Structures are given as structure tokens and as C-alpha cells.
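Working notes for the structure below.
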Amino acid sequence: MEIRALCIRLLMTIMILLGVQDQKVDAVSLRVVPNRLQFFEYEPVTFHCEGVDYCEVLHKFKGKIKSCSKTNKRTPTGSSCSIQAVYADNSGEYWYEPEGGRRSNIISLSVTAGPVILESPAVPVLMEETVTLSCRNKTHSSNFNSAEFYKNRRSIHKSSTGSMTIQTVFKSDEGHYKCSILGAGQSPESWLNVTDSQNKNYKSNPDEEACHFSSAATRIISTILVSALLVAVGLYHICKACCKREADTVDAGRATYAAKQEPAEQCLQQVPGNP
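Each residue of the sequence shown is one higher than the one before, counting from 1 in this note's numbering.
Structural data, given as C-alpha cells:
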């Protein structure tokens with residue numbers, strides 16, 4: 001019964017570890033306001049960290065965003081922090097890593113000193129929804145300019161209003177998009193991500209998928225190793241208990257045998273003529 005109880009406790013521990021791992025996967029997400037990937041210099045940007053009380057946003061090649069951390073605020077679903085004015089060197093990947101948890105999704109921002117940006121959503125677009133891409137000119141408050149849109153560096157649409165609408169988005173619409181305004185210039189390039197309603201965890205760029213896969217693989221391997229270690233420890237204690245029980249049984253048998261042999265020897269010694 002003791003061995004069975006030990007095995008049950010071991011399995012329960014492994015299930016708890018796996019459950020905690022799954023909770024951490026779903027607990028973290030990062031979004032940006034305004035919901036776009038491109039910004040002009042000097043524009044404000046706010047990061048919303050879902051599921052944590054303190055938002056410590058990280059920037060690739062820059063480390064922790066100190067100016068952002070100073071503006072940390074609580075929100076109903078987590079916390080947020082703001083950069084009052086972004087510059088070209090603020091371009092790059094942003095994410096956050098809760099203590100003891102996995103990193104959030106990555107958002108790749110482009111900050112330009114140029115005159116044109118493409119307004120595309122920073123969060124994934126759900127399959128079969130409608131998405132509008134806008135080409136924005138910094139020197140004009142209105143977007144009503146003749147604009148041309150490109151996907152994967154190929155021209156796909158020309159607009160006199162400066163916008164392009166995809167009425168029903170499919171996975172095939174994913175790609176690198178940019179735009180140009182006649183007489184003004186061209187925007188940087190950003191990735192449009194399309195996801196389904198069952199998959200909220202996303203990457204902002206397929207080039208980051210390998211990194212996320214590596215991170216996920218590391219977590220899975222770590223969980224397997226911890227589980228294997230627990231199993232090994234459990235088996236060790238089980239074998240130790242079995243060996244001890246077997247040794248105790250052997251010792252008890254020997255003691256019983258010796259106890260039986262002693263009266264027999266005494267009887268033999270009492271037989272006449274027996275030395």
C-alpha cells in the first residue's frame with residue numbers, strides 16, 4: 001500500500017507541473033496602443049501587458065525600457081507603460097517576461113524619420129474578418145492621397161483614398177506589406193499576421209517562429225526532464241523499499257531456521273553415544 005501511495009503522489013506531482021506549465025503559456029500577452037506596427041518619430045506609444053501587475057517591457061538590443069517602466073500603471077487586466085516620444089532607434093522587437101513564466105508574444109515596431117508609414121494592425125487579424133490598411137503621410141492630416149500597396153514587394157493595389165480593404169481575410173493574406181504615396185515617399189515594411197479564433201498565441205513575424213519554437217521546445221524538454229527525475233527518484237525509493245522488505249524477509253527466515261535448528265541440535269546431543 002505504501003508503494004502504491006508513493007506512485008500516486010508521484011503522478012499527481014507530474015500532473016501539477018504540467019498544469020502550471022499550460023497556465024503560464026496562456027497567461028501572458030502584449031499589445032500596443034495605437035494598434036499599429038509603424039510610427040513616426042516623436043509619436044507616443046503605450047504597451048499593455050496582460051496578466052501581470054508590473055509591466056517591464058524588453059527591447060531587442062536595448063534591454064529594459066527604463067523610460068517605459070517609469071510610467072507603469074495598473075489596468076483591469078494587467079498593467080501598461082508608455083513611451084512619450086519614440087525615435088528611429090526604438091525600432092525593433094518588444095516583449096515582456098513575467099517572473100517565473102514564459103515570454104509574451106513579440107511585437108516588431110518600425111519607427112521612421114521618413115514621411116510615410118503603413119497603418120496595419122499590431123495584433124493578429126482573425127480569419128474571415130475585414131482589415132483595412134492605410135497609407136499615412138506625415139505632412140498631411142488627411143490620408144486622401146494616391147497610394148500604392150505592396151505585398152512581399154509586389155504591387156497589389158492602387159488607391160486614390162490612401163486605403164486598401166481586405167473584406168475577408170485568409171491565411172494566404174499573410175505577408176510583408178508596405179505602401180508608397182506619389183510625391184511623398186515609401187513606408188517601411190511590416191508583417192500582417194492572420195490567425196484563427198482557436199489560436200490566440202501568435203508571432204508578429206515568421207522569422208521569430210524559430211525562436212518561439214526553440215523556447216517552447218526548451219520548456220517541454222525541461223518538463224520532461226523534471227518528470228523523468230521525479231520518476232527516477234520514485235523508482236529509487238520503491239526499489240529501496242522492496243530491497244529492504246526482501247532483506248527483512250530473508251533475515252526473518254534465517255532467524256526462524258536458526259530457532260528451529262537449535263532444539264534439534266540439543267536433542268541430538270542428548271542421544272546416548274552421540275558426542
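The beta-carbon is built from N, C-alpha and C at its ideal position, and this holds for glycine as well. Only a predicted model underlies this, so the values are computations on that prediction, with no experimental measurement involved.
Exercise for the section: Identify every residue that forms a DSSP beta bridge with Ile-181. Expected result: Note: Ile-181 sits in a beta bridge opposite Ala-147 and Gly-185.
Practice task
Find out if the Cβ-Cβ distance for the pair Leu-58, Trp-95 is shorter than 7 Å.
Solution key: Inclusion of Leu-58 and Trp-95 in the CB contact set at 7 Å is warranted, their separation being smaller than that value.
Handout entry: Residue(s) in a DSSP beta bridge with Lys-64
Key = Lys-64 is bridged by DSSP to Leu-58.
Handout entry: Classification of Lys-60 by the beta-carbon crowding that lies within 10 angstroms, buried from 16 upward
Key = Answer is exposed; the Cβ neighbour count stays below 16.
Practice task
Kindly give me the distance between the Cβ atoms of Phe-40 and Lys-151, rounded to whole angstroms, as I take these residues to be in contact under 8 Å.
Solution key: About 23 Å separates the Cβ atoms of Phe-40 and Lys-151, ruling out a contact at the 8 Å cut-off.
Exercise for the section: Quick one: using the 10 Å Cβ neighbour count with 16 as the cut-off for buried, is Glu-119 buried or exposed? Expected result: Buried, because 16 or more other Cβ atoms sit within 10 Å of the Cβ of Glu-119.
Exercise for the section: Tell me, please, whether the stretch 177–190 touches the stretch 122–136 by the rule of three or more beta-carbon pairs shorter than 8 Å. Expected result: Yes, since at least three Cβ pairs between the stretch 177–190 and the stretch 122–136 fall closer than 8 Å, the two stretches touch.
Practice task
Please classify Tyr-177: is it buried, with 16 or more other beta-carbons within 10 angstroms of its beta-carbon, or exposed?
Solution key: Counting of Cβ neighbours within 10 angstroms places Tyr-177 among the buried residues, the total reaching 16 or more.
Problem - CA-to-CA distance, Ser-110 to Ala-122, given in whole angstroms - result: Cα to Cα, the separation comes out at about 11 Å.
Exercise for the section: Helix, strand or coil for Asn-35, going by three-state DSSP, please let me know. Expected result: DSSP places Asn-35 in coil when its eight states are reduced to three.
Handout entry: Sub-7 Å separation of Asn-72 and Cys-55 beta-carbons
Key = Yes, Cβ-Cβ distance for Asn-72 and Cys-55 is below 7 Å.
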